[in-house]
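Novice: First residue of the sequence shown? That's 249 in the numbering used here, and the numbers climb one at a time after it. Structure incoming, see below.
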Amino acid sequence: MEQNHSSQLTEPATPVVNSFNEWDPLEEVIVGRLDGAVVPPWHVTIKATMPRRYWDFFRCKGGQLFPEEQVKAGEKDLEELVHILESEGVTVRRPDAINYTRPYATPDWESPSGLYGAMPRDVMMVIGDKLIEAPMPWRSRYFEINAYRSLIKEYFHQGAQWIPAPKPQLCDELYNYQYEEAGEDEEFNSSLTEFEPVFDAAEFTKCGRDIFVQQSQVTNRFGIEWVRRCLGNEYKIHELKFKDQSAMHIDATFVPLAPGKLLIHPKKVEKVPEMFKSWDVRKAPESCIPDSHPLYMSSKGVGMNLLTLDENRVIVEKQDEAMIKLMKDLEFEPITCNFRNFNTFGGSFHCATLDVRRRGTLQSYF
Ligand code: ABU
249 MEQNHSSQLT
259 EPATPVVNSF
269 NEWDPLEEVI
279 VGRLDGAVVP
289 PWHVTIKATM
299 PRRYWDFFRC
309 KGGQLFPEEQ
319 VKAGEKDLEE
329 LVHILESEGV
339 TVRRPDAINY
349 TRPYATPDWE
359 SPSGLYGAMP
369 RDVMMVIGDK
379 LIEAPMPWRS
389 RYFEINAYRS
399 LIKEYFHQGA
409 QWIPAPKPQL
419 CDELYNYQYE
429 EAGEDEEFNS
439 SLTEFEPVFD
449 AAEFTKCGRD
459 IFVQQSQVTN
469 RFGIEWVRRC
479 LGNEYKIHEL
489 KFKDQSAMHI
499 DATFVPLAPG
509 KLLIHPKKVE
519 KVPEMFKSWD
529 VRKAPESCIP
539 DSHPLYMSSK
549 GVGMNLLTLD
559 ENRVIVEKQD
569 EAMIKLMKDL
579 EFEPITCNFR
589 NFNTFGGSFH
599 CATLDVRRRG
609 TLQSYF
């Protein structure tokens, strides 16, 4: 029988949604948007995560638009990032524009507003061809997924698996309203109970078959167990513990950059798991962000929230000379982008993006 040798030699096309780690060559990415960003209303989940010096800002301004000039400056940073990604050959997609100022309610609670569409990393997780919608615990983020639904439907029609986690109720039983921050050296004290599974997708970081997560102020054990069972035996979920009472998202604490290269927060990570013993583990340098720069929703560690385009290229904040140097030491080619004004709103390059498709397959790196 005649055989079609040419088709036998052709590599199978990468599925439209495909990402197994943080470093395979990036082909398509969602970049968030800041327009219409609203200050989240004061709640125990804000107390547990946001910098103390801004608590009054959230108490007074919750439900109102963030200062226009700061949003505009952050949007300019985002446009620069989009331009860089496109110049590097990456397809960039954006969420829909949504009015986040509208109040809403469920039978159990009311919220005066939503938040923003700036951080796709928190809202969804891509593992292989699965697009998992996160059941985020902030009431102000309950409908945030709507900004991404047109894209999700498109990816579904092109073959992706679309998996929304169980819709959370977010009723009062989920929150520990007596929450007070524990001391640095005490056991982690959560503002969340185990009432139902909740997590932000940015709590998980991928190294092929091994996925790392921390319990945090936005991710409970129930949520971690839900992801573990959803992914099944092909993956191993490792729960790590860090020294961080206001923990929120692993991607400015424990950042695998490439096979054999791990970046860690110098204070929060006290012990690196044994399985990384052959990796080059580097501490993130001291932040260069001045105290005068507003960081309403970020810590100074936000500089390590990096986006790798492949095993050679990484995007780094333009003014962060120490990080640029470190990346060069690690034999990366750093691509610099202004992003300090975006940092004000709760993240950097990793948070502001979601890698939809990287060219690669499921592998083990340990
Ligand atoms: N959303 C991650 C922010 C991390 C940080 O500010 O430390």
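Every residue, glycine too, gets a C-beta built ideally from N, C-alpha and C. Quantities reported herein were computed from a predicted structural model and do not represent experimental measurements.
(1) Under 7 angstroms Cβ to Cβ from Lys-531, same chain only, skipping five residues before and after it: list those, please.
(2) Which whole-angstrom value describes the C-beta separation of Ala-450 and Ile-498, a residue pair presumed to lie in contact below a C-beta threshold of 8 angstroms?
(3) Starting from Val-374, follow its DSSP beta bridges and name the residues at the other end.
(4) Would Val-374 pass as a contact of Glu-392 if the rule is Cβ separation under 7 angstroms?
(5) Considering only heavy atoms of the ligand ABU, does any lie closer than 6 angstroms to the CB of His-497?
(6) Just the C-alpha distance for Gln-465 and Ile-472, rounded to the nearest angstrom, thanks.
(7) Specify the secondary structure class of Thr-601 as computed by DSSP and reduced to three states.
(8) Starting from Val-475 and walking both ways along the alpha helix (DSSP H), at which residues does that stretch end?
(9) Where do the N-terminal and C-terminal ends of the beta strand (DSSP E) with Arg-561 fall, by residue?
(10) Between the C-alpha atoms of Asn-424 and Ser-388, what's the straight-line distance to the nearest angstrom?
(11) Determine the burial state of Pro-638: buried for a count of at least 16 other Cβ atoms within 10 Å of its Cβ, exposed for fewer.
(12) Would you mind stating whether Met-545 and Phe-587 have Cβ atoms separated by less than 7 angstroms?
(13) In terms of residues, what are the limits of the beta strand (DSSP E) holding Arg-342?
(14) Looking at Gly-456 and Asn-266, is the spacing between their C-beta atoms short of 7 angstroms?
(15) May I ask whether a heavy atom of the ligand ABU can be found less than 6 angstroms away from the beta carbon of Glu-599?
(16) Which same chain residues, not among the five before or five after Glu-250, have their C-beta less than 6 angstroms away from its C-beta?
(17) For the stretch 407 to 415 and the stretch 336 to 354, state whether three or more C-beta atom pairs, one from each stretch, are separated by less than 8 angstroms.
(18) Nearer than 6 angstroms: is that true of the beta carbon of Ala-500 relative to any heavy atom of the ligand ABU?
(19) Give the straight-line distance between the Cα atoms of Phe-470 and Lys-295, rounded to the nearest whole angstrom.
(20) For Lys-454, count the other beta carbons within 10 Å of its own beta carbon; 16 or more makes it buried, fewer makes it exposed. Which is it?
(21) Which residues in the same chain have their Cβ closer than 8 angstroms to the Cβ of Leu-422, if we skip the five residues on either side of it in sequence?
(22) Ends of the beta strand (DSSP E) at Glu-487?
(23) Would you call the CB atoms of Lys-234 and Lys-516 closer than 7 angstroms?
(24) Throw me the rounded Cβ distance for the Met-298 and Gly-595 pair, which I believe falls under 8 angstroms.
(25) For the ligand ABU, is there a heavy atom less than 6 angstroms away from the beta-carbon of Ser-267?
(26) Taking C-alpha atoms, which residue in Asp-272, Leu-274, Glu-559 and Gly-311 lies nearest to Val-615?
(27) Where do the ends of the alpha helix (DSSP H) carrying Trp-303 lie?
(28) Is Glu-435 helix, strand or coil by DSSP?
(29) Assuming Asn-591 contacts Val-550 (C-beta within less than 8 angstroms), just tell me the rounded distance between them.
(30) Does DSSP classify Glu-451 as helix, strand or coil?
Specialist: Inspection of the coordinates gives the following:
(1) Ile-512 and Pro-514
(2) 7 angstroms
(3) Leu-379
(4) no
(5) yes
(6) 13 angstroms
(7) strand
(8) 469 to 479
(9) 561 to 565
(10) 17 angstroms
(11) No answer is possible for residue 638: it lies beyond the span of the chain, which begins at 249 and ends at 614.
(12) no
(13) Here Arg-342 belongs to no beta strand (DSSP E), and DSSP marks it neither H nor E.
(14) no
(15) Contrary to the premise, residue 599 reads as Cys rather than Glu in this sequence. Within the cutoff, so yes.
(16) Unreliable placement is indicated for Glu-250, whose pLDDT of 44 sits below 50; no coordinate value is reported for it.
(17) no
(18) yes
(19) 22 angstroms
(20) buried
(21) Pro-385, Pro-416, Leu-440, Thr-441, Phe-443, Glu-444 and Val-446
(22) 484 to 488
(23) Since the first residue of the chain shown is 249 and the last is 614, residue 234 is not available in this structure.
(24) 13 angstroms between Cβ atoms; not a contact.
(25) no
(26) This structure does not reach residue 615, given that the chain is present from 249 up to 614, and the question cannot be answered.
(27) 303 to 309
(28) coil
(29) 5 angstroms
(30) helix
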